[in-house]
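Chains as they are written, first to last, in my numbering: chain A, 1 to 271; chain B, 1001 to 1254.
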């Protein structure tokens, strides 16, 4: 269900005509969009369309070669190190692999930002970690090492670490990739729950379009590094572009005679 | 005017990155929470866990030197110099160099692989995104641990080496233990001991710097093959750097 989003205030993320490159290869270009406080904003597209690279730019891990990206009011490309550190304390991020530190157990991973940026006593830190674990349905696993976790647990522990500092904004890279449909649906529900309970703005990239349309307030569709569509889930579902409809799985597969012949020969051979 | 060769630019860029890495690590020393605890953990990992292999290598090296020198010294009628020869060889040259090479193989390669895996797995990106300085959190304790552990390991290598040499001199060649030890004490000067510790400190810094840097800058070398290639490169580069630096230091400080 769409959430009431305040677009009157200045956006948490403002991307203006941004182009990103790596090794001279353009990853995406001419991207302009805003993300407002309280939104769940999805960036969807096929594999290799530049979604994860875009997220790295939003986190300040890469800099655009053209255009601007302002996150929480600061231009990341021109920000000084101290400004970047201040911004990063106000945002959380999860990576596709989870990116938990292998040498630390679940509790140590989650409390790492708290230990570095606050002077809370260990008992308070422990309580805060416990609360976040409960919120993400992870009670009782705080002593496990990352290698002992399932894919779904890994993603949720990573999410717990991302929200431990109560950030204003969380960025998630493919939060449901590699998960079975039940775990993926649970994680979708968790994202909505996090937004509602912690009042956090959520930006996530995903190739699971249907799941993104179910939970996002607005969806950005990327194709070949360019913005193909931007709008509410209803607007995206009704979008006339064939690429968008193909992404939604509504267009029949393009006819490819050589593939059809091959399949026919295989089928005949089986008989 | 022709453009500089790309390989030269790449070399300068890589060299600049390594210099900046070292400067940034030095700048963060003592400025991150938990750095001392992390340093102790790394000293245990790099230093304490290397003790058995260092001790065994030291004993055998001392034994081999004693055997080799004994035959030569007997030929020249100078068997009384066996203790001095064993002591000087171990402390001036073989102790620092062999300890450094063993540490590269055991701890340098492991640290490089750890950094490379953390880079590939986006763990370093995650640390940056948590507003934690990876130079302070990851690199500084490890580099400092190499710097501190190498002289200590070298001293232990030399002690075990002397014991090995002494054991062979006494058991195989019938030398007097007191006389052999006295010869060692006479032949080896304080300057030799300090030189040995100074060399091993420099080697520790080199090993940590090159192995950690190689792993840290390994972006794009993804997968098991990439990590393996990065680690092999680090071992080769660090070993050659140690041998080259050993020559330079020996020539300058003799």
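Yeah, the Cβ is synthetic: ideal placement off N, Cα and C, and Gly gets one too.
Leaving aside the five residues before and after residue i along the sequence, list all residues of the same chain whose C-beta is less than 7 Å from its C-beta, in chain order.
{"i": "residue 1217 (chain B)", "result": "1017"}
{"i": "residue 99 (chain A)", "result": "158"}
{"i": "residue 67 (chain A)", "result": "16, 17, 18 and 19"}
{"i": "residue 178 (chain A)", "result": "151"}
{"i": "residue 1091 (chain B)", "result": "1158, 1188, 1192, 1193 and 1196"}
{"i": "residue 145 (chain A)", "result": "105"}
{"i": "residue 1053 (chain B)", "result": "1102 and 1106"}
Mapping DSSP to helix, strand and coil, what is residue i?
{"i": "residue 253 (chain A)", "result": "Here the model assigns residue 253 (chain A) a pLDDT of 49, short of 50, so the residue's position is not dependable and the matter cannot be decided."}
{"i": "residue 95 (chain A)", "result": "coil"}
{"i": "residue 1092 (chain B)", "result": "helix"}
{"i": "residue 227 (chain A)", "result": "strand"}
{"i": "residue 90 (chain A)", "result": "coil"}
{"i": "residue 1173 (chain B)", "result": "coil"}
{"i": "residue 33 (chain A)", "result": "strand"}
{"i": "residue 1248 (chain B)", "result": "helix"}
{"i": "residue 80 (chain A)", "result": "coil"}
{"i": "residue 1001 (chain B)", "result": "Unreliable placement is indicated for residue 1001 (chain B), whose pLDDT of 48 sits below 50; the coordinate value is still reported in the next sentence. Note: residue 1001 (chain B) maps to coil in three-state DSSP."}
{"i": "residue 50 (chain A)", "result": "coil"}
{"i": "residue 40 (chain A)", "result": "strand"}
{"i": "residue 1125 (chain B)", "result": "helix"}
{"i": "residue 1034 (chain B)", "result": "coil"}
{"i": "residue 57 (chain A)", "result": "helix"}
{"i": "residue 1223 (chain B)", "result": "helix"}
{"i": "residue 143 (chain A)", "result": "coil"}
{"i": "residue 1231 (chain B)", "result": "helix"}
{"i": "residue 1131 (chain B)", "result": "coil"}
{"i": "residue 189 (chain A)", "result": "helix"}
{"i": "residue 1118 (chain B)", "result": "helix"}
{"i": "residue 102 (chain A)", "result": "coil"}
{"i": "residue 1060 (chain B)", "result": "helix"}
{"i": "residue 1254 (chain B)", "result": "coil"}
{"i": "residue 116 (chain A)", "result": "helix"}
Which residues of chain B have a Cβ atom closer than 9 Å to the Cβ of residue i, listed in chain order?
{"i": "residue 194 (chain A)", "result": "Ordered by position in chain B, no residue passes the 9 Å Cβ test against residue 194 (chain A), which lies about 17 Å from the chain."}
Which residues in the same chain as residue i place their Cβ atom closer than 6 Å to its Cβ, once the five residues preceding and following it in sequence are excluded?
{"i": "residue 95 (chain A)", "result": "173"}
{"i": "residue 1058 (chain B)", "result": "1157, 1160 and 1161"}
{"i": "residue 165 (chain A)", "result": "113"}
{"i": "residue 156 (chain A)", "result": "136 and 138"}
{"i": "residue 227 (chain A)", "result": "31"}
{"i": "residue 1250 (chain B)", "result": "none"}
{"i": "residue 1085 (chain B)", "result": "1069"}
{"i": "residue 1144 (chain B)", "result": "1039"}
{"i": "residue 1109 (chain B)", "result": "1231 and 1235"}
{"i": "residue 183 (chain A)", "result": "152"}
{"i": "residue 1173 (chain B)", "result": "1070"}
{"i": "residue 1150 (chain B)", "result": "1200, 1203 and 1204"}
Residue i versus chain A: which residues are under 7 Å apart at the beta carbon?
{"i": "residue 1113 (chain B)", "result": "By Cβ distance, chain A contributes nothing, its closest Cβ being about 12 Å from residue 1113 (chain B), past 7 Å."}
{"i": "residue 1033 (chain B)", "result": "115 and 116"}
{"i": "residue 1068 (chain B)", "result": "Correct list: empty, because the minimum Cβ distance to chain A is about 43 Å."}
{"i": "residue 1121 (chain B)", "result": "97 and 99"}
May I ask you to list the residues that DSSP assigns as paired with residue i?
{"i": "residue 20 (chain A)", "result": "A:28"}
{"i": "residue 45 (chain A)", "result": "A:222"}
{"i": "residue 172 (chain A)", "result": "A:94 and A:204"}
{"i": "residue 1186 (chain B)", "result": "None; residue 1186 (chain B) has no bridge partner."}
{"i": "residue 66 (chain A)", "result": "A:19"}
{"i": "residue 71 (chain A)", "result": "A:13 and A:74"}
Name the chain A residues that come within less than 9 Å of residue i, Cβ to Cβ?
{"i": "residue 1013 (chain B)", "result": "What residue 1013 (chain B) touches in chain A: nothing, since even the nearest Cβ is about 14 Å away."}
I want to verify the contact list: residues of chain B whose CB lies under 8 Å from the CB of residue i, in sequence order.
{"i": "residue 61 (chain A)", "result": "1125, 1128 and 1129"}
Excluding the 5 residues flanking residue i on each side, which residues of the same chain have their C-beta closer than 8 Å to its C-beta?
{"i": "residue 63 (chain A)", "result": "57, 76 and 77"}
{"i": "residue 195 (chain A)", "result": "3, 38, 40, 201 and 202"}
{"i": "residue 1242 (chain B)", "result": "1097, 1100, 1101, 1104, 1203, 1206 and 1207"}
{"i": "residue 197 (chain A)", "result": "135"}
{"i": "residue 232 (chain A)", "result": "2, 217, 218 and 219"}
Exercise. Closer than 7 Å, Cβ to Cβ, to anything on chain B: give me those residues from the segment 75-96 of chain A, in chain order.
Key: 85, 88, 89, 93 and 95
Quiz prompt | Members of the segment 1127-1140 of chain B near chain A, C-beta cut-off 7 Å | solution = 1128, 1129, 1130, 1131 and 1132
Quiz item: Taking any Cβ of chain B, which residues in the segment 100-121 of chain A have a Cβ under 9 Å from it, in chain order?
Solution: 100, 101, 102, 103, 112, 113, 115, 116 and 117
Self-check item: Short-range partners of chain A found in the segment 1033-1051 of chain B, where Cβ spacing is below 8 Å
Solution: 1033 and 1034
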